[in-house]
Every structure is written in C-alpha cells, then in structure tokens.
Amino acid sequence: MVALARKTLVYEWRRFLPAILAVGFAGLLQLLQAALVLGIFGSASVYITGSAADLWAGYPGTQSVNLGRPISEDVAMRLRMDPDVTNVEPFRWVDADWRGPRDTGGVSVFVSGIDPRADGMMFSHALPPALRAKLNEPGAVIVDKADLDSLGVNIGDTAAINGQRVRVVGVSSGLRALGGVNIVSSLDTARVLDIAPEDAGMMTYFVAKVRDPSKAKAIAKRLGGSDSFGPYNVWTAKEFARQSQLYWMLDTGAGAGVLFLAGIVFLVGAVITSQTLIAAVIGSIREYATLNALGVGRGALRKVIMEQAFWVGALGLICSIVIGIAMLAIARSRSVPMQLHPITAAICLALSMALAIVSGLAAMRSLRRADPASLLR
Amino acid sequence: MSASPQTSSPTTPALQARGVRKSFVSGRIQSTVLHDLWLDVHASELTLISGPSGCGKSTLLAILSGLQPADAGGVLALGHELSGLGMRELEYFRLQHTGFVFQGFNLFPALTALEQVELPLSYMGLAKGLARKRAVESLEEVGLGPRMSLRPSELSGGEKQRVAIARALAKQPELLFADEPTSALDAANGQIIIDILHRIARTHGTTVLCVSHDPRLVGHADRVLAMEDGRILSDHAPSASPSSAPLREPSA
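Printed below as a string of structure tokens:
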C-alpha cells in the first residue's frame, strides 16, 4: 500500500504544521494547567500527604484540613482501643499571625504542632529525624525554604508568632501549604503559640497508623460510628486529602475555571486543526476525485484523511510531551508547585488526540466535494 | 426514441448508450444536455467525441463511465447495466474495469511517478510485488521508464499526462476514458499522448473513449463522433483515409 497520508504529511509539512502546533500547544496547555492545578491544590493537603498516618480523626464535617476545630483528648483513647490501630499521634493546628525581623508586615501563618519524635507520623516525608529533633528546643520552628522570603527570615533568625518569640531552626521542602504559610513546631511550642482561650489543651486532630493500611477504610468507618467520646469523625488519609483538595478547588472556583479553560483550549485547537486539515483536503480535492473516478471508494479516501489526522495528532503529542517535560523540569527547579500523575497526563494527551480525531472527522466532510464528475467540466 | 441502436460492427459493443437523457436545472430553467441518445462504442478502437464546448460530450462521458447517473435511458458497459447500480457498486465497477485520463493531470504532489501509478493498484487488492511490476511496465509503455522516481514538480506537462495515462493503464482496464487529454499540452506532447491512447486501444484491445474539441486528434481516431446540442450529428472513421471512410449512420 502506498502510504499516501504519511508521504503527503512529510512532503507538505508546511501545510500541516499549523495543525501539528495547534494539537501540540493544546496538549501542552492542558498538561501544564493540570499539573499546576494539581500542584497548587495538592498543597492544600500537604499536611496529610506529607505525613505517614493512615487515619485522621477530627471535628465532624470538617471540609478541609485547614478548617479543623478542637476535639476531645478522649478521641485518642477511642483510637488506641481499636486492635488494628498501632500508633496514635496528636496534631495541633494553630491559625496565627507572623511578624518577621524584616519589614514584611503581618503574614497569616498556620502553625503545625507535631510530635518531634524520630518515628513521628506528621510530616515524616518532609522532615528527617535530625531536623525533627531540633523542634524539641522551645520556640523552635521549621519552614519551607521557598517561604523564607515571604516570612522575611533566614535560618537562625527569630520572629514573633501571635506575639511569642520563635526561632527558625531549619528549613525543608514539601511543607508549602495553601491559604497561609505552613510553620512546623513541636506540640509544646504550638500550645504556647495558641492564644485562643477555648482551644486550651485541645488538639485539632489525632492521626493514627493501622496494622494493615489496605483495611484503613473499614477501620475508619468502624471508628467513626459512635460519638460517645464527643463529636469527632474519622477519615482515611486519602479521603481527607481528596476532600481538602476538592474544597479548595470548588471554594476558589478554580475547578470550574480549569474546566472552562480546558474547553476553550480544546475548541481553539480543534478550530485551527480542522481548518488546516480541511484546507489540505481541499488542496488535493482533484486528486482525491481522480482516485474516486478510478474506483477507489469514499471509505478508503476517508481513511486517508483520518490517518493524516492521526499522524498530526501523534506529532502534536510528541511536541507537547517534549516541551511539557522541559517545562515541568524548570518548574520543579524553581519550586513551582506542579504535580502530574501518569493518569492525568494520559487524559490530557488523550484529549489532544481526540481533538485531532474530531478535526479529522470535520475534514472528512469536505471530501464530499471530491466529485469525479466535476473533473470533466 | 428516434432510432434503434445500429451495430455496424459484428462484435457486441463494449459500451452502449440506450436512449440516454440528461438535463440540468439552473435556477428555474431546465436545460436538456442529452436528448435520448443511442450509441455503441467498440473495443480495440479509439473513439473520439468532438464538438463545441457545451454540446454535452463531457456529460455523455460521465454517464457512460458511471460517474453520473442518467435521467432516463440505460448504459450497458461490458454487459453490466450501470443505471441501476448504487454508489458503491459503481465504484467497484470503475475499480475493476475503467481507467480515466483528465485534462488536469491530478497527480499527488507528494508521490513519485511510480507511486502515483501504484496507488490505485494497491486499492485493487493487488499484491505489492505485482502492483510494482505492473506500474513499472505501464510507465515504460508510456516512455517514462527512466523518470519514474520523479515527483510531479520535476516533470513536464506532457510527462505528467503520461503518468496519468500510466496510472489508468496499469489497472489494465477494458474501458479507458479520456477527457480533453491534450488541451493543456503543446502540439508535440499532444501528439505523443494521442499516439499512446491509440496504441493502447490497438495492443490491449481496450475500448478508448476520448472527448475533445482538439481538431488535431481527429486524424488519429478510429472513429469520430461529432456532437452538437446533445445530439450526435455525424459518425465516421477518418484515419484510414477520410474520403473513403464508410459513413455510419448517426445513431441518435
């Protein structure tokens, strides 16, 4: 079989270039947008995803991890009573105001009071044991290194949180959160920093580890069943992280914005691609008509167009993958929160291929003009 | 119906128009292009239909070749009645039995001469080796053996038309239709093209039906039909010696 579609694509590449670029840029935009959104809103749940806990117990109805309210110490008892729970750890969340040594004005911060033991669950992914140990010093805090500028501090500097003196003893990465700067301290330091009288001595969450993480869902359901220990609810880490991300995505309207933008990108890409493909079909319409006169069926001619659309899509995808990887690498090196799961990437690329196929279908319609009888006039 | 079909040749005609009528509507005016036309075309002959533009010769070619349906009447091609066939069946008939040469060469810019000729063959379901062999033979037959790896942009007009003829010829069609095949070419190239078409009729036993208003072609055809206003006015065989050519009755 003479590879008409491919040979034409190679020979007349200038004609097809706009379509390839349109598919490529549409794919790139979808990829980067998805990566940014997932990265930014993923950081809403950094408290959960950065920690090793399987279960989270908090105030019932909490929509996002940053909206927690104090719960009773008895909940920790309830968790420990469950035979499948191996470890329980408190987590104290404090909404606070930061005054740095440099002139940064007030900065809204979230203090995460955690257990600084080496085997602690909270922020175990972001804080190595040596760094955690530094939190034992009263007033010691750790921040994300990307937040140093906005806080106006360097390592070793002192600052004030809710009027109390703190000292930055170290930095890490993977602590950046959404809505305010995340500052990690020990539980003791956090208690000192918490000036709200009604919170006195109360923890915001209890996190727990279970023997078999695959059973976490069933255990969470079992534990959340009663309220004899005061109002609380238990989620799996995965659920709670998702819930927090969704809350931010919907609360900020970003979810709808993303879908809207994705739609626009798809539409613009499809218009450019289909117009280019239509122009290519029209440009060869007499040749197609001649083939039809010679008995090559319309179905076979449509296949040529669809093959062209497929190759345009494939080349476009290669463009978006190559540029996308480069952009993600740059973003990572600059601490831009970008996150891309293989499935999300596959969906974005599949959308771009769908764009090319839809454009091919549109171009196929113009084959109707390939009437061999018109060649006789 | 003015007359019954007259077959002056002893063989059965390869192509037969039986009372073909065709009219077009433009706006509110309906103009009849072909008036109940009867015609027999024979194998191994180059039959030329000539006449002024607008006389209906291209429409007749379109109908006889199965590109367009007639409004009334029938077309019998190689024993098949074309008028009842659907689009797919017509396509299949054309794929199996017909070749076309148009005024424009209609070659794909991206393909070499060899690929242009191979392309329809691959759709006929020929094996790759056989398609290649036939394509090479056809290109050699039209004298393009040494130039078969060139693209259309590297060929002259006459060479492009020869590629187009080779593309039609390689299918080994029983029916070969040519519409103004020389009108885009100069005298020398036109001469080459008409010689090739004539030779194809003779050596392959192909029924070649050529439509042209190019007077240079008249002397090379086995039979010339003069058309005007949708009717065939005269039917004669000029090439042997025009004076003694037996004048066939116009069949319409």
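Note that the protein sequences, when read in sequence, are chains A and B.
All residue numbers for the first sequence refer to our numbering, where the first residue is 4 and numbers rise by one.
All residue numbers for the second sequence refer to our numbering, where the first residue is 104 and numbers rise by one.
No residue lacks a Cβ here, since even glycine has one placed at the ideal position from N, Cα and C.
query	result
Sub-9 angstroms separation of B:R326 and B:L149 beta-carbons	yes
Own chain, CB closer than 7 angstroms to B:K125, minus 5 neighbours either side, in chain order	V136, L137, T162, I166, A173 and D174
Amino acids of chain B, ordered along the chain, whose beta-carbon sits closer than 7 angstroms to that of A:V307	Under the 7 angstroms cutoff, chain B gives no residues; its nearest Cβ is about 10 angstroms from A:V307.
Chain-order list of residues whose beta-carbon lies under 6 angstroms from that of B:L185 (same chain, five-residue window excluded)	G169 and V178
Minimum Cβ-Cβ distance from A:E290 to chain B less than 9 angstroms	yes
Contact set for A:M205: own chain, Cβ-Cβ below 6 angstroms, skip 5 residues either direction	P73
For A:Y235, the first and last residue of its enclosing beta strand (DSSP E)	Premise fails: A:Y235 is in no beta strand (DSSP E) and is neither H nor E.
With 16 other Cβ atoms within 10 Å as the buried cut-off, status of B:I296	buried
Cross-strand partners of A:Y14 (DSSP beta bridge)	Looking at the DSSP assignment, A:Y14 forms no beta bridge with any residue, so it has no partner.
Cβ pair B:S147, B:R305 closer than 9 angstroms	yes
Interface positions of the stretch 184 to 199 of chain B facing chain A (Cβ-Cβ less than 9 angstroms), listed along the chain	M190, R191, L193, E194, Y195, F196, R197, L198 and Q199
Residue from A:A162, A:F126 and A:V268 with nearest C-alpha to A:S176	A:F126
Test item: CB-CB of B:T310 and B:L118 under 9 angstroms	yes
Interface partners of B:K64 on chain A, CB under 9 angstroms	Outside the displayed span of chain B (104 to 355) sits residue 64 of chain B, for which this structure offers no information.
Same chain, Cβ closer than 8 angstroms to B:P212, neighbours up to 5 away in sequence not counted	R254, P255 and S256
Residue-chain proximity (B:A271, chain A), Cβ-Cβ < 9 angstroms	yes
is_contact[A:S54, chain B] using C-beta, thresh 9 angstroms	no
For B:G246 and B:G260, the rounded distance between their alpha carbons	14 angstroms
Any C-beta of chain A under 9 angstroms from that of B:A120	no
Where A:K218 falls: helix, strand or coil (DSSP)	helix
Beta-carbon proximity of A:L35 to A:L297, cut-off 9 angstroms	no
Span separating the alpha-carbon of B:P341 from that of A:T293	31 angstroms
Test item: CB-CB of A:L1 and A:A143 under 9 angstroms	For chain A, the structure presents residues 4 to 380; residue 1 of chain A sits outside this window and is missing.
The stretch 272 to 279 of chain A / the stretch 87 to 98 of chain A touching (three or more Cβ pairs under 8 angstroms)	no
For A:M205, the three-state DSSP class (helix, strand or coil)	coil
Distance CB(A:G108)-CB(A:D160) smaller than 9 angstroms	no
Chain B contact for A:Y50 (CB, 9 angstroms cutoff)	no
Entirely enclosed beta strand (DSSP E) segments - the stretch 77 to 122 of chain A, minimum 3 residues	88 to 102 and 109 to 117
Same chain, Cβ closer than 7 angstroms to A:L370, five either side skipped, listed in chain order	V284, Y291, R301, L304, R305 and I308
CB contact flag (A:L41, A:M341, <9 angstroms)	yes
Residue of B:H200, B:F205, B:L300 and B:Q171 minimising C-alpha distance to B:P182	According to the sequence shown, residue 182 of chain B is Gly rather than Pro. The option with the nearest alpha carbon to B:G182 is B:H200.
Within-9 angstroms CB hit, B:A348 to chain A	Residue placement at B:A348 is flagged as unreliable, the pLDDT there being 41, under the threshold of 50; the coordinate-derived value follows with that caveat. Output row for B:A348: interface = no.
Endpoints, the beta strand (DSSP E) within which B:D360 is located	Residue coverage of chain B in this structure runs from 104 to 355, which leaves residue 360 of chain B outside it and unanswerable.
Euclidean distance between Cα positions of A:A336 and B:S252	In the sequence under discussion, the amino acid at residue 336 of chain A is Ser, which differs from the Ala named in the question. Using only the alpha carbons, I get a separation of about 52 angstroms.
Helix, strand or coil at B:A324 according to DSSP, with G and I counted as helix	coil
Same chain, Cβ closer than 8 angstroms to B:R121, neighbours up to 5 away in sequence not counted	P108, W141, G176, G177, V178 and L179
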